[in-house]
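Numbering follows our numbering, in which position 89 of the sequence shown is assigned residue number 188; successive positions increment by one, without gaps.
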Amino acid sequence: MKKKFIWTGMFILIIVGVIVFITVLKKPEARIKWITSIMNKGTITQDITATGSLEAKNTISVGTQISGIIEKIEVDFNDKVTTGQLLAVVDYRN
């Protein structure tokens, strides 16, 4: 009975020693730092700057079948045009 008591005591001491060893050698965890502020009402803005080149998605080549002086331009830059729409008036008699 004494041997059983000694072995049980040694086992408990070993378990307690391992727990203490793990607890002492455990690295402290990084603490989370909270930044607090008083709430303010305002506009949130963010500027983005970039460099590069732009390229048209679709390009077409426009040519004429006559030559002359353009008297009037009926459309503006980046206007949407349809088939058969008058684009310009040309004086081709010169």
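Ideal Cβ positions, reconstructed from N, Cα and C, are used throughout, including at glycine.
Because the structure is a prediction, the values reported are computed rather than measured.
Beta-carbon spacing of residue i, residue j below 8 angstroms
i, j, result
"Y191", "G167", "yes"
Proximal residues to residue i (C-beta, below 7 angstroms), its chain only, five neighbours per side dropped
i, result
"E173", "L185, L186, A187"
CA-to-CA distance, residue j to residue i, given in whole angstroms
i, j, result
"K101", "I118", "26 angstroms"
"F120", "W106", "21 angstroms"
"S69", "G151", "Beyond the ends of the chain as shown, which are 100 and 193, falls residue 69; an answer cannot be given."
"K171", "I147", "41 angstroms"
"L153", "K140", "38 angstroms"
"D175", "A149", "29 angstroms"
Neighbourhood of residue i by C-beta, 8 angstroms cutoff - its chain only, sequence neighbours within 5 removed
i, result
"I165", "V189, Y191"
Residue i - partner residues in DSSP beta bridges
i, result
"V189", "I169"
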